[in-house]
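These notes are about the structure you will find just below.
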Amino acid sequence: MHGFDQLWIWDDPDVAGGLGWYRDVARGAKPAKFRIARSIAAETPPDADEEDLWREIDRLTPVFEDRRRALGGEGDAAAPAEGPNLLGLVRELAHRMLSHCNFCRWDCRVDRTQGAKRGTCKLDAGTRVSTFFHHLGEEIVYRGRLGSGTIFFTSCNMRCAFCQNGDISTDKDNGMAVDAGTLAAMAWILGREGCHNINWVGGDPTIHLHAIVDAVSILGEPDYRPAEAALAAALRVKADGHFDFPGVAAGDGPFNTPMLWNSNFIMSAETMKILRLLMDVWLPDFKFGPGRCALDLARTPWYWQTATENLLLLKEWGEDFTIRHLVMPNHVECCTFPVLDWIADNMPDAIVNIMGQFRPDTFTNPRSPLYRERYADVSRRPTVDEIHAAFAHGKERGVRFEAITFEKDIPRLGL
Numbered sequence: 066m067h068g069f070d071q072l073w074i075w076d077d078p079d080v081a082g083g084l085g086w087y088r089d090v091a092r093g094a095k096p097a098k099f100r101i102a103r104s105i106a107a108e109t110p111p112d113a114d115e116e117d118l119w120r121e122i123d124r125l126t127p128v129f130e131d132r133r134r135a136l137g138g139e140g141d142a143a144a145p146a147e148g149p150n151l152l153g154l155v156r157e158l159a160h161r162m163l164s165h166c167n168f169c170r171w172d173c174r175v176d177r178t179q180g181a182k183r184g185t186c187k188l189d190a191g192t193r194v195s196t197f198f199h200h201l202g203e204e205i206v207y208r209g210r211l212g213s214g215t216i217f218f219t220s221c222n223m224r225c226a227f228c229q230n231g232d233i234s235t236d237k238d239n240g241m242a243v244d245a246g247t248l249a250a251m252a253w254i255l256g257r258e259g260c261h262n263i264n265w266v267g268g269d270p271t272i273h274l275h276a277i278v279d280a281v282s283i284l285g286e287p288d289y290r291p292a293e294a295a296l297a298a299a300l301r302v303k304a305d306g307h308f309d310f311p312g313v314a315a316g317d318g319p320f321n322t323p324m325l326w327n328s329n330f331i332m333s334a335e336t337m338k339i340l341r342l343l344m345d346v347w348l349p350d351f352k353f354g355p356g357r358c359a360l361d362l363a364r365t366p367w368y369w370q371t372a373t374e375n376l377l378l379l380k381e382w383g384e385d386f387t388i389r390h391l392v393m394p395n396h397v398e399c400c401t402f403p404v405l406d407w408i409a410d411n412m413p414d415a416i417v418n419i420m421g422q423f424r425p426d427t428f429t430n431p432r433s434p435l436y437r438e439r440y441a442d443v444s445r446r447p448t449v450d451e452i453h454a455a456f457a458h459g460k461e462r463g464v465r466f467e468a469i470t471f472e473k474d475i476p477r478l479g480l
């Protein structure tokens, strides 16, 4: 797929070994997970009780994994199941959850279908997208040659004071309201134009789980092509021009672009179960240490416990993922070192991007009228010494970060 499989990064055995499934889907050698889920027949009808739906998901998940492991190639995927199927049950469950919302660790339990009460994310059942485009700034394994197909949702379930996407994470009304058909059309456009993945991000995508599952379910339908009205609506917020690469990705045959979950990783256990059946690769953000920093800088309790529990699930399930860690000024010893230590102790084979690109933004920029003095310790960029200390600690602990972290030119660090 336009040289994706020939990228030099795949010569690194750690990267190639850790992202084998994703790479195969991206180059068309394996079916995306949502297509496998669509092929598995379910015995429980979608209108069953929620507990019965979860029992059926638990019963079928091993069937799903067995089928995935047995696949020899894209052509080996079974035909879409007639009647109730695993993908349809996942879609139904996401909507059931919306009525007592437990998508994330906040477990607000508000009925977002009614909208009378709002939880931490401030959202009702509606979904808004700020923009979507070929992202050429992601890690090379995601941006490849034609970009990562990034769809930015509004609002968030964390309150990071320094958020570099603060315009969309703090403003739930940013962007354009979208329905499932428009969202599916956005993904289809990106896949048709050659993006190597569909990158669900925000804000945070977790709070839009129902809409994303809806869109993925539509993409999983046989012979799906978006309606003209959905295409026209989607293109209103596309940030780049049209890319015409005939014969790639979704252009020929069933849509088969891999799904990427780009998240703060404070999802609930139930959301993790759903995403396991849909996401081909994961991009967790593991930012804060085990102390008070997540509470002080992001107003997020239970952060360390939730993020580490979800990361361990990825390891247990044998998922493809890379971890991002952002080095923050004055937080190397309290956040960076504990994060790298935990990774070294619990998942030493994980591929990590130690990111030195922090800049003060939103409430931490002293030049902004939004600036708040209580965030003074993160009101500057990290120093070269702080970033070098992060690299040195990662190297000392054997963290596998160099291939992904150093693949871009970082001249100011002398690298």
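FYI, the numbering for the sequence shown is 66 to 480, going by this note's numbering.
By construction, the Cβ of each residue, glycine as well, lies at the ideal position given by its N, Cα and C atoms.
Val-90: first and last residue of the uninterrupted alpha helix (DSSP H) it sits in: 85-91
So Arg-346 and Tyr-87 are in contact, right, with Cβ under 8 Å, and what is the actual spacing, rounded? According to the sequence shown, residue 346 is Val rather than Arg. 4 Å between Cβ atoms; contact.
Asn-430 (DSSP reduced to helix, strand or coil): coil
Using only the alpha-carbon positions, how far apart do Thr-90 and Leu-360 sit? A quick correction: the sequence has Val, not Thr, at residue 90. Inter-residue distance for Val-90 and Leu-360 is about 38 Å (C-alpha atoms, whole angstroms).
Where the beta strand (DSSP E) containing Val-194 begins and where it ends: In the DSSP annotation of this structure, the continuous segment of the beta strand (DSSP E) that includes Val-194 starts and ends at 192-200.
Would you mind reading off the limits of the alpha helix (DSSP H) that contains Gly-214? No alpha helix (DSSP H) holds Gly-214; the beta strand (DSSP E) holding it covers 213-218.
Can you list, in chain order, the residues of its chain whose CB lies under 7 Å from that of Lys-187, leaving out five sequence neighbours each side? Ser-220 and Lys-237
Determine the direct distance from the alpha carbon of Pro-447 to that of Pro-476, and round the result to whole angstroms. At Pro-476 the pLDDT is 46, less than 50, meaning the model places this residue with poor confidence; the figure from the coordinates comes in the next sentence. Each residue's Cα considered, the two are about 15 Å apart.
When the Cα atoms are used, what is the spatial distance from Phe-471 to Pro-270? In this structure, the CA atom of Phe-471 is about 27 Å from the CA atom of Pro-270.
Hey, could you find the ends of the beta strand (DSSP E) Arg-327 is sitting in? First, the residue type needs correcting, since residue 327 is Asn and not Arg in the sequence shown. Per DSSP, Asn-327 belongs to the beta strand (DSSP E) from 324-328.
Drop a sphere of 10 angstroms on the beta-carbon of Phe-125, count the other beta-carbons inside from all chains shown, and report buried for 16 or more, exposed for fewer. The identity of residue 125 in the sequence shown is Leu, whereas the question assumes Phe. So Leu-125 counts as buried.
Using 8 Å for Cβ pairs, my map puts Trp-171 next to Asn-222. What's the rounded Cβ distance? 6 Å
Cα-Cα separation between Gln-422 and Leu-211, rounded to whole angstroms: 23 Å
Cβ-Cβ distance between Val-80 and Ile-469 below 8 Å: yes
Three-state class that DSSP yields for Trp-171 in the structure shown: Reduced to three states, the DSSP call for Trp-171 is coil.
Looking only at its chain, what residues have a beta carbon closer than 6 Å to the beta carbon of Gly-318, apart from the 5 residues adjacent to it on each side? none
Gly-267 vs Phe-217 beta-carbon contact at 8 Å: yes
Determine the closest residue to Ala-298 out of Phe-320, Ile-272 and Ala-245, with distance taken between C-alpha atoms. Ala-245
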